[in-house]
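Line by line, the protein sequences are chains E and P.
In terms of full-length UniProt numbering, the first sequence has 184 at position 184, counting the first letter as 1, and numbering is strictly consecutive.
In terms of full-length UniProt numbering, the second sequence has 64 at position 64, counting the first letter as 1, and numbering is strictly consecutive.
Backbone N, C-alpha and C define an ideal beta-carbon position, used for all residues, glycine too.
There are 2 protein chains.
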Amino acid sequence: MSVIYHRVALIGLGLIAGSMGLRMKRDGLAGEIVGTARSAETRATALDLGLCDRVTETAAQAVRDADLVVLCVPVGAMAEVAADIGPHLKPGATVSDVGSVKRAVIEAVAPHLPPGVHFVPAHPLAGTEHSGPTSGFAELFDNRWCLLTPVNEASDATDRLARLWRAMGSNVDTMEPDHHDRVLAVTSHAPHLIAYTMVGVADDLRRVTDSEVIKYSAAGFRDFTRIAASDPVMWRDVFLNNKDATLEILGRFTEELFALQRAIRKGDGDHLHDYFTRTRAIRRGIIEAGQDTDKANFGRGDAP
Amino acid sequence: MSVIYHRVALIGLGLIAGSMGLRMKRDGLAGEIVGTARSAETRATALDLGLCDRVTETAAQAVRDADLVVLCVPVGAMAEVAADIGPHLKPGATVSDVGSVKRAVIEAVAPHLPPGVHFVPAHPLAGTEHSGPTSGFAELFDNRWCLLTPVNEASDATDRLARLWRAMGSNVDTMEPDHHDRVLAVTSHAPHLIAYTMVGVADDLRRVTDSEVIKYSAAGFRDFTRIAASDPVMWRDVFLNNKDATLEILGRFTEELFALQRAIRKGDGDHLHDYFTRTRAIRRGIIEAGQDTDKANFGRGDAP
Chain E
1 MSVIYHRVAL IGLGLIAGSM GLRMKRDGLA GEIVGTARSA ETRATALDLG LCDRVTETAA
61 QAVRDADLVV LCVPVGAMAE VAADIGPHLK PGATVSDVGS VKRAVIEAVA PHLPPGVHFV
121 PAHPLAGTEH SGPTSGFAEL FDNRWCLLTP VNEASDATDR LARLWRAMGS NVDTMEPDHH
181 DRVLAVTSHA PHLIAYTMVG VADDLRRVTD SEVIKYSAAG FRDFTRIAAS DPVMWRDVFL
241 NNKDATLEIL GRFTEELFAL QRAIRKGDGD HLHDYFTRTR AIRRGIIEAG QDTDKANFGR
301 GDAP
Chain P
1 MSVIYHRVAL IGLGLIAGSM GLRMKRDGLA GEIVGTARSA ETRATALDLG LCDRVTETAA
61 QAVRDADLVV LCVPVGAMAE VAADIGPHLK PGATVSDVGS VKRAVIEAVA PHLPPGVHFV
121 PAHPLAGTEH SGPTSGFAEL FDNRWCLLTP VNEASDATDR LARLWRAMGS NVDTMEPDHH
181 DRVLAVTSHA PHLIAYTMVG VADDLRRVTD SEVIKYSAAG FRDFTRIAAS DPVMWRDVFL
241 NNKDATLEIL GRFTEELFAL QRAIRKGDGD HLHDYFTRTR AIRRGIIEAG QDTDKANFGR
301 GDAP
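Next comes the structure, spelled out in C-alpha cells:
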C-alpha cells in the first residue's frame, strides 16, 4: 500500500485510535502518526506499543501540519477538543472522528472549524468490550463497516478518507447523519442499554446471590455481560447524545416486551413460538453477510 | 473411566442427548445406550452419528431394562413421555431429565413414576444456539455446571447420577427446585426473552431496513441474535413453565430500564456512568470463575 496522508494526528489514544495507528503503521498508510492523550501514562504506553511515531502533550500541538486529524475521544469531549484545535489546523486539512453518534458530533465540532478545513465525520462499527491503548489491534476493522456521514456533497476529502478506511480493512458506506443515529440506535445503542440493565438487575437481586449469577452464567447471561463491560464514559456520552432515537427504540422494545410478557401470563404458546421462529432468520442473515461466525457459542473454547 | 450405568435410555435426541451420548461412548460410561425420538429421520441420524448404540420407535421400548432414563424432550412434552414410560420402567431404575425448568418438570413427571423408581431431576447449564442431534459434541459439558434438584434427601441414586455428570465433564451442585427456577430466571430465561424481543423489534422497524440491521450488526446487536436463534419450542415451553419467576425478573428489569431511560431523558450522566461502571465487575467475576473467555469479542475470528 502507499501513503494516503503525509501526517495523521490521533486525538485520544484508546482502542480505536490504537487499532488505526497499528494498521496505518503496518501497511505504511501514513507518513507520520502523531498522537495525543490527556494522560501522560496513556501517551507513554502508545509510544511503547508503537501505535504512533510521536506524542504531544496537547491536541493543539498534535494537529500542527497534519493532513488528517481524527478525533478519537468520547462524544461528550468532542466540542472542547474541536475548540482547542480549530485555530491550529492546517488549511486544506481533513478533520474526522470515530464517534458512535453523528448528529451531535457534527453540531459539537463543525462550528469550531475554520473555512478551508474539510470535516468528514466517520464511525467504524468495530470494537470490543476492552478499552484503552493496549486493547488495540491492527485487524480490528477487517470486514467491518465504516460509515461516513459527510455534511456536504461528496468531495475529494471524503473519497480520500474512504480510501484510508478501505486500506485499513473496512467496507465503507456513506449515510445521512440522522439516519445513521437511528440505525445505530437499533443495532447498538438500545442493545447496550438493555444489556447494562439486565446485568444491573442481576447484580441487585437479594434472593439470588452474585456468586450464583456468576457460576451459572453460561445459560445465556454471560453474553450480556460482555456488552455490559464496555467503556462507561463512552457509553454515557452515546446515550446523552443520541437521546431521541435511543428512547424511541426503547419505547418500541418495551411495548413488544409487554406483549410477550402478556403471552407468557396468558399461556399463549403460539404467540411465543411464532415470535421465536421469526427471530432466527435475522441471525442467518448476519452470518450470510459475513458479520458473525456460524460456530456454536461464537466459537468460544467450549464448542468445536 | 468405568461404566456407571449398564443401560442408559435417552428419550429425545437433540443437542443435549446427542452430547451426552457422544461423551458416554467416548469415555465408556454406559454399557449400552438406547435412544428414541419421534421422528424416524432423527433416529437414523443419531445412529449414523454413533451417539447411541440402538434406537427404538417408542419411548416405552427404549426404557426397557434401562438403569438410567434421561428425558431430553422440551419441558412441555415431559408429562406425556412420563405417562408413556411409567409402566415399563425397571424397578430400581433412575429417571432424570435435562429440562431448563425444574418445579414444573417435577409436577409433570413424578406422578407417573411407580414406587421403587428414583427420580433425580437435573439441568446441565450448557448448550449452544444450534439444535438437533447433529449439533451435539462430546465436550459440551466440560467445566459447565449441572444442577441436580432431588426431591427427596440425598440418596445413592443422586450420588450415582452426580458421578455420571462429573464423568461427562460437569461441575455438579444440588439445589432446591424453586430456587433453581429463580436463579435460572435471572441467568437464562429473562435474558433470552429480552434478546428475542430486541431482535424482533429490529426486524419490525420500518425506518431501518433488515439489510441495514444485518450489515451493521457488529456494533452489539449480533450478540443478541445468537441467543435469539435458539430452539423456539424449547423456549416456548420454558416461559410457559417458569412463568412466575420469569415475570418477576422481567418486572424488575422493566423498572430498572425505566429508571435508566429517565436518566437519559433528564441528561443525568452521573447516574448512567455509575450504573455502567458497576456492571463491569460482574463480567470480571464470570471470567475469574472460568465461565467465559477473556478474549475480546469472545475470541471471534476478528480479535486476536
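Going by DSSP, what residues sit across from residue i in a beta bridge?
i                      : result
residue 309 of chain E : In the structure as shown, chain E starts at 1 and stops at 304, and residue 309 of chain E therefore has no counterpart that could be examined.
E:PHE119               : E:VAL95
P:TYR196               : P:TYR196 pairs with nothing; no bridge assigned.
By the DSSP assignment, the alpha helix (DSSP H) with residue i in it spans what residues?
i                      : result
E:LEU22                : 15-27
E:ALA162               : 156-167
E:ASN241               : 232-241
residue 316 of chain E : Residue coverage of chain E in this structure runs from 1 to 304, which leaves residue 316 of chain E outside it and unanswerable.
E:ALA281               : 269-288
E:LYS215               : 210-215
P:ASP181               : 177-184
P:ASP292               : Careful: P:ASP292 lies outside any alpha helix (DSSP H) and carries neither H nor E.
E:ILE227               : 221-227
Where does residue i fall in DSSP's three states?
i        : result
P:ARG300 : coil
P:VAL201 : helix
P:LEU140 : coil
E:LEU10  : strand
When you measure from the CB of residue i to every non-hydrogen atom of the ligand ATP, does any distance come out below 7 Å?
i        : result
E:GLU176 : This structure does not include the ligand ATP; it has no bound ligands of any sort.
Applying a beta-carbon distance threshold of less than 7 Å, which residues of chain C neighbour residue i?
i        : result
E:PHE239 : Going by chain labels, chain C is absent from the structure shown, which instead holds the protein chains E and P.
Whole alpha helix (DSSP H) elements within the segment 22-85 of chain P, 4-residue minimum: If we require 4 residues or more, the alpha helix (DSSP H) runs fully inside the segment 22-85 of chain P come out as 40-49, 59-62 and 78-85.
Contact between the segment 62-75 of chain P and the segment 202-217 of chain P (3+ Cβ pairs under 8 Å): With contact defined as three or more Cβ pairs closer than 8 Å, the segment 62-75 of chain P and the segment 202-217 of chain P are not in contact.
Is the number of C-beta pairs between the segment 197-207 of chain P and the segment 184-195 of chain E that are closer than 8 Å three or more? Contact holds: three or more Cβ-Cβ distances are below 8 Å.
Flag this pair as touching only if the segment 215-226 of chain E and the segment 83-94 of chain E have three or more C-beta atom pairs under 8 Å; answer yes or no. With contact defined as three or more Cβ pairs closer than 8 Å, the segment 215-226 of chain E and the segment 83-94 of chain E are not in contact.
Contact between the segment 150-160 of chain E and the segment 165-182 of chain P is defined here as three or more beta-carbon pairs at a separation below 8 Å; is this criterion met? No, the segment 150-160 of chain E does not touch the segment 165-182 of chain P.
For the segment 123-135 of chain P against the segment 86-95 of chain P, are there 3 or more C-beta pairs whose distance is under 8 Å? No, they do not touch.
Does the segment 264-284 of chain E touch the segment 237-249 of chain P, meaning 3 or more C-beta pairs lie closer than 8 Å? Result yes; three or more Cβ-Cβ pairs closer than 8 Å.
Per the contact definition of three or more C-beta pairs closer than 8 Å, is the segment 283-294 of chain E in contact with the segment 107-116 of chain P? Too few Cβ pairs lie closer than 8 Å, so no.
Could you say if the segment 119-128 of chain P and the segment 32-48 of chain P meet the contact criterion of at least three C-beta pairs nearer than 8 Å? Contact between the segment 119-128 of chain P and the segment 32-48 of chain P is not established, with fewer than three Cβ pairs separated by less than 8 Å.
Okay, do the segment 251-264 of chain P and the segment 18-29 of chain P touch, 3+ Cβ pairs below 8 Å being the bar? Judged by Cβ distances under 8 Å, the segment 251-264 of chain P makes no contact with the segment 18-29 of chain P, as fewer than three pairs qualify.
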